[in-house]
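Participant: Sharing a structure here in C-alpha cells format.
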Amino acid sequence: MPELPEVETVVRGLRASLPGRTILDVRLGRTDFIDDPVALGEQLPGSRILGVTRLGKFIAIDLVPGGTASHTSERLFLIIHLGMTGQLMTRLASDPVPPHTHVFFGLDDGRELRYTDVRRFGRILLVPESKIGMFRERLGAEPLEITLKEFCARFSSRGARVKALLLDQGILRGVGNIYADESLFRARIHPARIARKLTQTQLARLHQSVRTILTTAIRLRGSSVSDYVDSDGNRGEFQLRHRVYQREGKPCVRCREKIRRVIVAGRSSHFCPRCQPAPRVRKVQRRVNKS
DNA sequence: AGCTCTTCCTGAAAGC
DNA sequence: TGCTTTCAGGAAGAGC
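One gets our numbering by counting positions in the first sequence from 1 and adding 3 to each.
Shown next, in the form of C-alpha cells:
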C-alpha cells in the first residue's frame, strides 16, 4: 500500500513528465472519495502544471489556472491521497482503461493522468494556495527531515504505544504499517511499547531506523505487496527486503525465532519476540484455589 | 485531553 | 467444487 516511499516514487515519475503540461478536461466516474467533484471540472480545465511535490502521503500537483476562472483564481494545488489501493498513472488516451478507474485528466500531449482505486480509500481535493499552509500545518514532520531532538520531543511525552504514534500522521507524515513494523524491527523495539517508557538510546535507534528503512525503500522504488505500482505502472522491489511485514511464522533473519503477528493500535503488527522483547506487564494476581 | 476502536470498500484467500 | 466468511488497511469519527 502506498506509504512515503511509494508516494515519493510516484511523485518523481510524475515530476519527470507533467510540468509544463496543460489539463484540457476532466472526466469522472465514481466520486464518493472526492471532496468537491464539481470543482474539479470547473477549475482544472485550462490550468497549467507547474510542479509535483509530496506532503507525507499526499501528492500535490501545483497548478496555474488558465481557463475561465483564470482572471479571479490564485494558484491551486490538486491534492491526491492514494489510500490503500490508489494508482496514479500517465497513459495514452487511447490505452485500454483498467477497471475501477474513476478520474481522467486529459493532457495537451495526447496523454491522460488517470486515477484508479479499487477500494476508494483514497482522496482527492483542491486546495487554493492561500490555504495550503493550513493544510500543511495539520501534518506532522517529514520523517527524513526531523532531527533527533525533535523526534524525541514528539515521542517521549506520550503514553500511547509506539506503533500508534509512528502511524499518526500528525506526528510523522508518511509512515504506514509496513514501514512502522520494519523500522521497529530494525530498532529492536516491540510495537506495543509505551512511547514515554523508551530510553533515549531506543528513541535514537528508532529515529535512525525510520530514516534508513525509508531511504532504502525509496531507492528500491517502494514495496508492491498488493496493488501498488508507480506512475508508469511498474512494481517496486522493497517487499523483497521485508524482515517482518507479512512474514508471520517465518524465521527471524537475525535469530531464527518465528515472527509473530499481533494487533496493536487496531493494526496488524509483525515482530520478532526475541529481538523485540514485549513490554513488562504488571502480573495479574492469580488466585490459587487452595481447597 | 488523550488514546483506542470502528467504519468505510473490494477482492483474494481461507474455511467449510 | 462452490459458497460463505475473513482479512487487509488510511484516516475520520465515535467511544471510553
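All C-beta atoms, glycine included, are put in the ideal place defined by N, C-alpha and C. Quick caveat, the model's predicted, so the values are computed rather than measured.
Can you grab the Cα-Cα spacing for the pair E6 / F80, in whole Å?
Facilitator: Locating residue 6 in the first sequence gives position 3, counting from the first residue. Locating residue 80 in the first sequence gives position 77, counting from the first residue. Distance between the alpha carbons of E6 and F80 is about 20 Å.
Participant: Taking the C-alpha atoms as reference points, what is the distance between L21 and P99?
Facilitator: Residue numbering aside, residue 21 sits at position 18 when the first sequence is read from its first letter. Residue numbering aside, residue 99 sits at position 96 when the first sequence is read from its first letter. Between L21 and P99, the C-alpha separation is close to 21 Å.
Participant: Going straight from the alpha carbon of V287 to that of Q205, what length do you get?
Facilitator: Residue numbering aside, residue 287 sits at position 284 when the first sequence is read from its first letter. Residue numbering aside, residue 205 sits at position 202 when the first sequence is read from its first letter. Here the model assigns V287 a pLDDT of 41, short of 50, so the residue's position is not dependable and the matter cannot be decided.
Participant: In the structure shown, what three-state DSSP assignment does G162 receive?
Facilitator: Here residue 162 refers to the residue found at position 159 of the first sequence. Three-state DSSP puts G162 in coil, outside helix and strand.
Participant: In three-state DSSP terms, what is E6?
Facilitator: Indexing the first sequence from 1 puts residue 6 at position 3. E6 falls in the coil class under three-state DSSP.
Participant: Which runs of the alpha helix (DSSP H) at least 4 residues long sit entirely within the segment 178-231? Give them in chain order.
Facilitator: Listed in chain order, the complete alpha helix (DSSP H) runs (minimum 4 residues) inside the segment 178-231 are 180-190 and 203-222.
Participant: Locate the alpha helix (DSSP H) running through R246, then write down its first and last residues.
Facilitator: Locating residue 246 in the first sequence gives position 243, where the first residue counts as 1. Unbroken run through R246: none, as it is neither H nor E.
Participant: Where DSSP assigns a beta bridge to I149, which residues make up the other side?
Facilitator: As a first step, residue 149 is located in the first sequence; it is residue number 146 there, counting from the start. Looking at the DSSP assignment, I149 forms no beta bridge with any residue, so it has no partner.
Participant: What three-state label does DSSP hand N292 in the structure shown?
Facilitator: On the first sequence, residue 292 is found 289 positions in, with the first residue counted as 1. Confidence is the limiting factor: at N292 the pLDDT is only 41, short of 50, which leaves the residue's position unreliable and the question unanswerable from this model.
Participant: Assuming contact is defined by CB atoms lying nearer than 8 Å, are K166 and R246 in contact in what I supplied?
Facilitator: If you number the first sequence from 1, residue 166 lands on position 163. If you number the first sequence from 1, residue 246 lands on position 243. The answer is no: Cβ separation not under 8 Å.
Participant: Taking the alpha carbon of C258 as the reference point, which residue from P280, G239, G125 and R122 has its own alpha carbon closest?
Facilitator: Indexing the first sequence from 1 puts residue 258 at position 255. Taking only the C-alpha atoms, the option nearest C258 is P280.
Participant: Put V13 into one of helix, strand or coil per three-state DSSP.
Facilitator: Your numbering for residue 13 matches position 10 in the first sequence. Reduced to three states, the DSSP call for V13 is helix.
Participant: At which residues does the beta strand (DSSP E) containing E115 begin and terminate?
Facilitator: To locate residue 115, count along the first sequence from 1; it is residue 112. Segment R114 to D120, the beta strand (DSSP E) holding E115.
Participant: Using 8 Å as the threshold, is the segment 119-134 in touch with the segment 88-99, meaning 3 or more CB pairs across them?
Facilitator: Flag = yes, the segment 119-134 and the segment 88-99 touch.
Participant: State the Cα-Cα distance for the pair P24 and H210, rounded to the nearest angstrom.
Facilitator: Position 21 of the first sequence holds residue 24. Position 207 of the first sequence holds residue 210. It is Arg, not Pro, that sits at residue 24 in the sequence shown. Approximately 39 Å between the Cα atoms of the pair.
Participant: Beta carbon of L17, beta carbon of I82: below 8 Å?
Facilitator: By 1-based counting over the first sequence, the position of residue 17 is 14. By 1-based counting over the first sequence, the position of residue 82 is 79. No, the pair does not count as a contact, with Cβ atoms beyond the cut-off.
Participant: CB-CB under 6 Å to D230, same chain, minus the five flanking residues each way: which ones, in chain order?
Facilitator: Locating residue 230 in the first sequence gives position 227, where the first residue counts as 1. Once the five neighbours on either side are set aside, the close Cβ partners of D230 are T88.
Participant: What residue range does the alpha helix (DSSP H) around L43 cover?
Facilitator: Translated into positions along the first sequence, residue 43 becomes position 40. From DSSP, the alpha helix (DSSP H) with L43 extends over P40 to Q46.
Participant: Report buried or exposed for R250, applying the criterion of at least 16 other Cβ atoms within 10 angstroms of its Cβ.
Facilitator: Within the first sequence, residue 250 is the residue found at index 247, counting from 1. Label assigned to R250: buried.
Participant: Near D28, which residues of its chain fall below 6 Å by C-beta distance, leaving aside the five closest residues on each side in sequence?
Facilitator: The residue labelled residue 28 in the question sits at position 25 within the first sequence. Once the five neighbours on either side are set aside, the close Cβ partners of D28 are P48 and G109.
Participant: Which partner residues of R238 appear in the DSSP bridge assignment?
Facilitator: Walking along the first sequence from the start, residue 238 turns up at place 235. Answer is none; R238 lacks a bridge partner.
Participant: In whole angstroms, give me the CA-to-CA distance for S159 and R139.
Facilitator: In the first sequence, counting from the first residue as 1, residue 159 sits at position 156. In the first sequence, counting from the first residue as 1, residue 139 sits at position 136. Distance between the alpha carbons of S159 and R139 is about 24 Å.
Participant: Could you compute how far the alpha carbon of R126 sits from the alpha carbon of F36?
Facilitator: Working through the first sequence from its first residue, we reach residue 126 at position 123. Working through the first sequence from its first residue, we reach residue 36 at position 33. If I take the Cα positions, the gap works out to 5 Å.
Participant: Mapping the DSSP letters down to three states, classify V287 as helix, strand or coil.
Facilitator: Against the first sequence, residue 287 aligns to sequence position 284. Because the pLDDT of V287 is 41, which lies under 50, any placement of that residue in the model is unreliable, and the question is left without a value.
Participant: Output the boundary residues of the beta strand (DSSP E) element that contains I83.
Facilitator: Counting from one through the first sequence, the residue named residue 83 turns up at place 80. Residues L79 to H84.
Participant: State the CB to CB distance for the pair I197 and G162, rounded to an integer number of angstroms; the pair is presumed to be in contact (CB under 8 Å).
Facilitator: Counting from one through the first sequence, the residue named residue 197 turns up at place 194. Counting from one through the first sequence, the residue named residue 162 turns up at place 159. Correct: roughly 6 Å between the Cβ atoms.
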